[in-house]
Amino acid sequence: MAVRAAEWHKLPIALTELCINTTLRCGQSFRWRKSAEDEYSMALHGRILSFRQDATHLHYRAIFPSSLPTPPPSNAPSVVSDDDTLALVQHYLNLEPSLVQLYEKWAFADSNFKKRAPKFTGIRILRQDPWEALIGFICSSNNNISRISGMVHNLCKHYGPLIGHIGDEPYHDFPTPEALADPKVEAHLKELGFGYRAKYIAKTAQIVAADKSLAWLEELCNPESPVFGQEPKPAGELELGGREGYRKAHDELLALHGVGPKVADCVCLMGLGWSESVPVDTHVWQIAQRDYKFGKGKHSSLTAATYTAVANRFRELWGKEAGWAHSVLFTADLKAFSERVAAKTEVKEEVITVKKEEEDGTEKTEDVKKIETVKRKRVKKEVDEPEQQVVEVKEEVLTRSKRRRAR
DNA sequence: TGATAACCTGAAAG
DNA sequence: ACTTTCAGGTTAT
Numbered sequence: 001m002a003v004r005a006a007e008w009h010k011l012p013i014a015l016t017e018l019c020i021n022t023t024l025r026c027g028q029s030f031r032w033r034k035s036a037e038d039e040y041s042m043a044l045h046g047r048i049l050s051f052r053q054d055a056t057h058l059h060y061r062a063i064f065p066s067s068l069p070t071p072p073p074s075n076a077p078s079v080v081s082d083d084d085t086l087a088l089v090q091h092y093l094n095l096e097p098s099l100v101q102l103y104e105k106w107a108f109a110d111s112n113f114k115k116r117a118p119k120f121t122g123i124r125i126l127r128q129d130p131w132e133a134l135i136g137f138i139c140s141s142n143n144n145i146s147r148i149s150g151m152v153h154n155l156c157k158h159y160g161p162l163i164g165h166i167g168d169e170p171y172h173d174f175p176t177p178e179a180l181a182d183p184k185v186e187a188h189l190k191e192l193g194f195g196y197r198a199k200y201i202a203k204t205a206q207i208v209a210a211d212k213s214l215a216w217l218e219e220l221c222n223p224e225s226p227v228f229g230q231e232p233k234p235a236g237e238l239e240l241g242g243r244e245g246y247r248k249a250h251d252e253l254l255a256l257h258g259v260g261p262k263v264a265d266c267v268c269l270m271g272l273g274w275s276e277s278v279p280v281d282t283h284v285w286q287i288a289q290r291d292y293k294f295g296k297g298k299h300s301s302l303t304a305a306t307y308t309a310v311a312n313r314f315r316e317l318w319g320k321e322a323g324w325a326h327s328v329l330f331t332a333d334l335k336a337f338s339e340r341v342a343a344k345t346e347v348k349e350e351v352i353t354v355k356k357e358e359e360d361g362t363e364k365t366e367d368v369k370k371i372e373t374v375k376r377k378r379v380k381k382e383v384d385e386p387e388q389q390v391v392e393v394k395e396e397v398l399t400r401s402k403r404r405r406a407r
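Going by UniProt numbering, the first residue of the first sequence is number 1, and it counts up by one from there.
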């Protein structure tokens with residue numbers, strides 16, 4: 001019992017290999033919440049998992065439902081050997097590939113990547129639960145990260161099992177297909193503000209629960225990168241359109257209601273471990289036009305053919321982990337991170353003449369050079385981040401009080 | 001195959 | 001205060 005209690009553990013890792021502050025907030029997973037300053041938490045595999053990070057280590061903690069504040073029996077064995085949290089963390093964060101090496105490879109092949117990546121290091125593709133990824137990205141259509149996060153949170157709150165609390169905050173795991181297949185779900189989700197996505201979610205859940213199965217979905221995984229607890233197997237050679245298993249997974253997902261090419265690619269990349277999958281959304285389409293010469297002639301608009309051409313081009317350029325590289329440029333394009341690109345440090349400089357009435361009736365004049373440094377994060381609550389605004393005001397007195405006669 | 005409209009919502013921008 | 005646009009798209013015609 002004592003071992004299962006909420007204790008922090010640490011894992012040595014450089015920020016260039018993993019940056020949770022970017023990776024957990026860049027629109028891959030919609031379920032991480034800020035549980036304290038510099039701390040992210042989420043229910044996963046029957047426990048609440050929390051992360052912190054410093055320059056040299058990732059710190060993690062698991063809170064299990066059973067870890068109540070009951071004293072352990074006096075002569076109970078003090079070691080529990082079945083705590084798989086370390087293995088779960090390594091699996092979920094996909095820590096195997098060397099990100100630094102991959103960045104070097106992409107930078108060598110692509111000058112635009114080389115230019116944009118330095119401010120966005122440590123972005124890693126997570127290995128999320130396929131079912132959660134599927135429903136999460138169905139929610140993402142024509143939507144923003146803040147609202148998607150709220151919707152996914154509502155799904156968990158109303159249909160997912162309660163795992164535990166941090167403070168007063170309850171943490172629920174993601175609901176099963178069966179839970180979301182209930183006939184009342186669609187109407188309820190509409191009340192909760194899901195809009196037209198309510199029908200997509202309900203239909204998809206009903207089909208997966210009744211006709212297909214979770215096993216069906218999990219079998220679409222990249223065998224090199226299976227769900228937690230399964231042994232990896234080889235997945236074949238990369239082709240321009242992606243490996244065969246990737247194309248099969250993409251095809252099968254397209255049959256689901258509310259799943260188009262972009263959502264299918266998100267599920268392939270972030271839920272099924274197909275690293276060559278390149279979701280082409282509005283951002284990526286903008287990037288393709290701005291930096292990769294798309295948007296003219298044959299590919300002047302984002303049709304199905306253009307979609308494939310863009311994805312193929314990026315696979316050609318970046319190789320087997322094209323989806324990982326794509327995620328770096330995607331994040332660099334997000335408004336929530338725009339202050340890094342612009343290094344938004346406005347420096348206002350103005351000289352102000354301050355007049356003060358002295359008690360003795362004289363007037364004191366100071367010319368003050370006021371330097372304001374304003375740093376602001378423009379987008380509010382993408383996760384739960386309060387708008388941070390640092391205003392430093394330095395005043396340099398240029399001219400010492402010149403005394404004048406009172407009138 | 002390629003265009004176009006319709007689809008929910010809510011915060012930001014004008 | 002009010003209208004339009006935008007947000008990690010998909011479906012139907």
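In this text, a Cβ means the ideal position worked out from N, Cα and C, and glycines have one as well.
Rounded to whole angstroms, what's the CA-CA distance from residue 256 to residue 204? Just pull it up for me.
What you label residue 256 is simply residue 256 of the first sequence in a count that begins at 1. What you label residue 204 is simply residue 204 of the first sequence in a count that begins at 1. Approximately 6 Å between the Cα atoms of the pair.
Please state the DSSP three-state secondary structure of residue 35.
What you label residue 35 is simply residue 35 of the first sequence in a count that begins at 1. If DSSP states are grouped into helix, strand and coil, residue 35 belongs with the strands.
Identify every residue that forms a DSSP beta bridge with residue 51.
As a first step, residue 51 is located in the first sequence; it is residue number 51 there, counting from the start. BP columns for residue 51 point to 40 and 60.
Tell me which same chain residues have a C-beta within less than 8 Å of the C-beta of residue 254, skipping the five on either side of it?
Residue 254 sits at position 254 when you count from the first residue of the first sequence. Closer than 8 Å at the Cβ level, and outside the excluded window around residue 254, lie 260, 261 and 264.
List the endpoints of the continuous beta strand (DSSP E) containing residue 169.
Counting from one through the first sequence, the residue named residue 169 turns up at place 169. Residue 169 -> beta strand (DSSP E) spans 169-172.
Alpha carbon to alpha carbon, how far is residue 323 from residue 102?
To locate residue 323, count along the first sequence from 1; it is residue 323. To locate residue 102, count along the first sequence from 1; it is residue 102. In a straight line, the C-alpha of residue 323 is about 12 Å away from that of residue 102.
Excluding the 5 residues preceding and the 5 following residue 279 in the sequence, name in chain order all residues of the same chain whose CB lies nearer than 6 Å to its CB.
Within the first sequence, residue 279 is the residue found at index 279, counting from 1. The answer, listed in chain order, is 262, 265 and 266.
Is residue 153 closer than 9 Å to residue 31 when the C-beta atoms are compared?
Here the question's residue 31 lines up with position 31 in the first sequence. Here the question's residue 153 lines up with position 153 in the first sequence. Yes, Cβ-Cβ distance for residue 31 and residue 153 is below 9 Å.
Enumerate in chain order the residues of its own chain whose CB-to-CB distance from residue 58 is below 6 Å, with the five nearest sequence positions on each side excluded.
Mapped onto the first sequence, residue 58 falls at position 58. Answer for residue 58: 11 and 13, listed in chain order.
Are residue 246 and residue 268 closer than 9 Å when you measure CB to CB?
For the purposes of this step, residue 246 is taken as residue 246 along the first sequence, with counting starting at 1. For the purposes of this step, residue 268 is taken as residue 268 along the first sequence, with counting starting at 1. Contact: yes.
Count the other CB atoms within 10 Å of the CB of residue 23; is the residue buried (16 or more) or exposed (fewer)?
Residue 23 sits at position 23 when you count from the first residue of the first sequence. Classification of residue 23: buried, given that the 10 Å Cβ count is 16 or more.
The beta strand (DSSP E) that contains residue 162, what's its start and end?
The residue labelled residue 162 in the question sits at position 162 within the first sequence. Here the beta strand (DSSP E) through residue 162 covers 162-166.
Which value, in whole angstroms, describes the spacing of the CA atoms of residue 243 and residue 39?
Taking the first residue of the first sequence as 1, we reach residue 243 at position 243. Taking the first residue of the first sequence as 1, we reach residue 39 at position 39. In a straight line, the C-alpha of residue 243 is about 37 Å away from that of residue 39.
Using DSSP with H/G/I as helix, E/B as strand and the rest coil, what is residue 10?
As a first step, residue 10 is located in the first sequence; it is residue number 10 there, counting from the start. Strand, per DSSP.
Are the region 198-217 and the region 162-179 touching by the rule of at least three beta carbon pairs closer than 8 Å?
Yes, since at least three Cβ pairs between the region 198-217 and the region 162-179 fall closer than 8 Å, the two stretches touch.
How is residue 177 classed by DSSP in three states: helix, strand or coil?
Locating residue 177 in the first sequence gives position 177, counting from the first residue. The answer is helix: DSSP assigns residue 177 an H, G or I state.
Do residue 222 and residue 274 have their beta-carbon atoms positioned less than 9 Å apart in this structure?
Working through the first sequence from its first residue, we reach residue 274 at position 274. Working through the first sequence from its first residue, we reach residue 222 at position 222. Against a cut-off of 9 Å, the Cβ pair of residue 222 and residue 274 comes out as a contact.
When the Cα atoms are used, what is the spatial distance from residue 91 to residue 294?
Residue mapping note: residue 91 aligns to position 91 of the first sequence, counting from 1. Residue mapping note: residue 294 aligns to position 294 of the first sequence, counting from 1. So the alpha carbons of these two residues sit roughly 36 Å apart.
Rounded to the nearest angstrom, what separates residue 240 and residue 296 at their Cα positions?
Position 240 of the first sequence, counting from 1, holds the residue named residue 240. Position 296 of the first sequence, counting from 1, holds the residue named residue 296. Rounded to whole angstroms, residue 240 to residue 296 spans 22 Å at the Cα level.
Under the three-state reduction of DSSP, which class applies to residue 20: helix, strand or coil?
Stepping through the first sequence from its first residue, residue 20 is reached at position 20. DSSP places residue 20 in helix when its eight states are reduced to three.
Would you kindly work out how many angstroms separate the C-alpha atoms of residue 320 and residue 191, rounded to a whole number?
The residue labelled residue 320 in the question sits at position 320 within the first sequence. The residue labelled residue 191 in the question sits at position 191 within the first sequence. Roughly 42 Å between the two C-alpha positions.
Here's a check: name, in chain order, each residue in its chain whose Cβ is nearer than 8 Å to the Cβ of residue 283, leaving out the five neighbours to either side.
To locate residue 283, count along the first sequence from 1; it is residue 283. Around residue 283: 330, 333 and 334.
Leaving out five residues on either side along the sequence, give the residues of the same chain with a beta carbon under 6 Å from the beta carbon of residue 161.
Walking along the first sequence from the start, residue 161 turns up at place 161. 173, listed in sequence order.
Is residue 237 helix, strand or coil by DSSP?
Residue mapping note: residue 237 aligns to position 237 of the first sequence, counting from 1. Residue 237 falls in the coil class under three-state DSSP.
Is residue 409 helix, strand or coil when you go by DSSP?
Nothing in the structure corresponds to residue 409, since the chain is present only between 1 and 407.
My understanding is that residue 126 touches residue 28, with C-beta atoms under 8 Å, so please give their C-beta distance in whole angstroms.
Here the question's residue 126 lines up with position 126 in the first sequence. Here the question's residue 28 lines up with position 28 in the first sequence. At roughly 5 Å, the Cβ-Cβ gap stays under 8 Å, so residue 126 and residue 28 are in contact.
Can you tell me where the alpha helix (DSSP H) with residue 244 in it begins and where it stops?
Numbered from its first residue, the first sequence carries residue 244 at position 244. Residues 244-254.
From what residue to what residue does the alpha helix (DSSP H) around residue 103 run?
Here residue 103 refers to the residue found at position 103 of the first sequence. Here the alpha helix (DSSP H) through residue 103 covers 99-109.
For a test of the three-state rule: what should DSSP assign to residue 274, helix, strand or coil?
Along the first sequence, read from residue 1 onward, the residue named residue 274 stands at position 274. Residue 274 falls in the coil class under three-state DSSP.
Got a sec? Which residues, its chain only, sit under 6 Å from residue 140 by beta carbon, not counting five neighbours each side?
Numbered from 1 along the first sequence, position 140 holds the residue referred to as residue 140. Hits under 6 Å: 148.
Note down the Cα distance separating residue 21 from residue 169, rounded to an integer number of angstroms.
What you label residue 21 is simply residue 21 of the first sequence in a count that begins at 1. What you label residue 169 is simply residue 169 of the first sequence in a count that begins at 1. Spanning the two alpha carbons is a distance of roughly 21 Å.
Please state whether DSSP places residue 335 in a helix, a strand or coil.
Position 335 of the first sequence, counted from the start, is the residue given in the question as residue 335. Three-state DSSP puts residue 335 in a helix.
Answer with buried or exposed for residue 128, where buried requires no fewer than 16 other C-beta atoms within 10 angstroms of its C-beta.
Against the first sequence, residue 128 aligns to sequence position 128. Buried, because 16 or more other Cβ atoms sit within 10 Å of the Cβ of residue 128.
Taking all protein chains shown into account, do 16 or more other C-beta atoms lie within 10 angstroms of the C-beta of residue 325, making it buried, or fewer, making it exposed?
For this step, residue 325 is matched to residue 325 along the first sequence. By the 10 Å Cβ count, residue 325 comes out buried.
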